[in-house]
Amino acid sequence: VRVVAFPFDIKAMFTELDKQEVMRAARFVLTENPGWKSPSQRLGKVGFYPVGAFISSLDGKWNVRIGKGLRQRKHELFIPFRVVLDIIEFDLRESLMTCGKYIVTQCFGIPMGSFLSALLAGLTVSVAEHKFYSNLPPSVATRVDGLRYADDGLVLVVEWDGVESAASIFQRFVDGCYPPPLELEVEQHTGMFHFLECTVYLGVKSAWALHRLKNWEEWTRSGRLKYRVWTGKGSWSASARGTLIGTLVR
């Protein structure tokens, strides 16, 4: 048993994202959110989807409440998700900038200079990672985990004799995770390497990370990866709240 690591960098993540992919990711989080389905919906019966959120800003701090059966409080404003999607679509479509005495439209990629763009880029690749992981066979999914900070990522795969190789599984990730035209710059490690602010040590049956300012942290246990980063999205509520706040501030 051994752990193989594949650090990667998403090339031109903030400049080459397809606008339609961004809109699909936003719709997934705000209107197709699987975590918001009630048990009756999962069984194919009639259920309830939140159609908006209650948002307020007190003392410079934003607060967002999403869920069914909520009542509007004083100082709260109800924002339908369709309005948020309309704002995002407008922001992507009407990307204007000055070039000397001319006003030009940015035709490719998400708007440069908009703080909402970084949020939408992260949202888009997060949804892609979620869908990729959700479609892996259970026997493979228990051996795979992923970490990403902005456009720097890391895939860890546990392998042993008689199972699909780590390189083969990672190639699935390279070929099918992120939407085109995004491309990856990839490395492969089986010993020690640096990733962000950590030094990662890969052993025979375990992987350890030493943070420059923190203690050791073990990533594996009994041949299975301990942390399910890609499945930790839950109901995507944090991503939805961030999208709502970022959109309204924009």
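Residue 672 in the numbering used here sits at position 95 of the sequence shown, with consecutive numbering throughout.
Beta carbons: idealized from backbone N, C-alpha and C, even for Gly.
Q) What separation, rounded to the nearest whole angstrom, lies between the Cα atoms of E760 and I587? A) If you number the sequence shown from 1, residue 760 lands on position 183. If you number the sequence shown from 1, residue 587 lands on position 10. Near 6 Å, if we compare the C-alpha coordinates of I587 and E760.
Q) In terms of DSSP beta bridges, what is R642 paired with? A) In the sequence shown, counting from the first residue as 1, residue 642 sits at position 65. Answer is F631, bridged to R642.
Q) What's the call for D636, buried or exposed, on a 16-neighbour Cβ count within 10 Å? A) Here residue 636 is taken as the residue at index 59 of the sequence shown, counted from 1. So D636 ends up on the exposed side.
(Q) In whole angstroms, give me the CA-to-CA distance for L733 and G739. (A) The residue given as residue 733 occupies position 156 in the sequence shown. The residue given as residue 739 occupies position 162 in the sequence shown. Their backbone Cα atoms lie some 18 Å apart in a straight line.
Q. Is K596 close to chain D, meaning its C-beta is less than 8 Å from at least one C-beta of that chain?
A. Considering every chain present, this structure includes no chain D. It has just one protein chain.
Q | DSSP bridge partner residues for H771 (one or two, in chain order) | A | Locating residue 771 in the sequence shown gives position 194, where the first residue counts as 1. Paired residues: T776.
Q: In angstroms with no decimal places, state the Cα-to-Cα distance between F655 and T608.
A: Against the sequence shown, residue 655 aligns to sequence position 78. Against the sequence shown, residue 608 aligns to sequence position 31. Rounded to whole angstroms, F655 to T608 spans 16 Å at the Cα level.
Q. In or out: S816 buried (at least 16 other Cβ within 10 Å) or exposed?
A. Stepping through the sequence shown from its first residue, residue 816 is reached at position 239. By the neighbour-count rule (16 or more Cβ atoms within 10 Å), S816 is buried.
(Q) Assuming the contact rule is C-beta atoms closer than 8 Å, V763 and F591 should be a hit. Round their C-beta distance to whole Å, please. (A) Here residue 763 refers to the residue found at position 186 of the sequence shown. Here residue 591 refers to the residue found at position 14 of the sequence shown. Their Cβ separation, rounded to whole angstroms, is 19 Å, which puts V763 and F591 out of contact at 8 Å.
Q | First and last residue of the uninterrupted alpha helix (DSSP H) at V751 | A | Within the sequence shown, the letter at position 174 stands for residue 751. That run of the alpha helix (DSSP H) goes 743-753.
**Q.** Secondary structure of F583, DSSP reduced to three states
**A.** Taking the first residue of the sequence shown as 1, we reach residue 583 at position 6. Three-state result, F583: strand.
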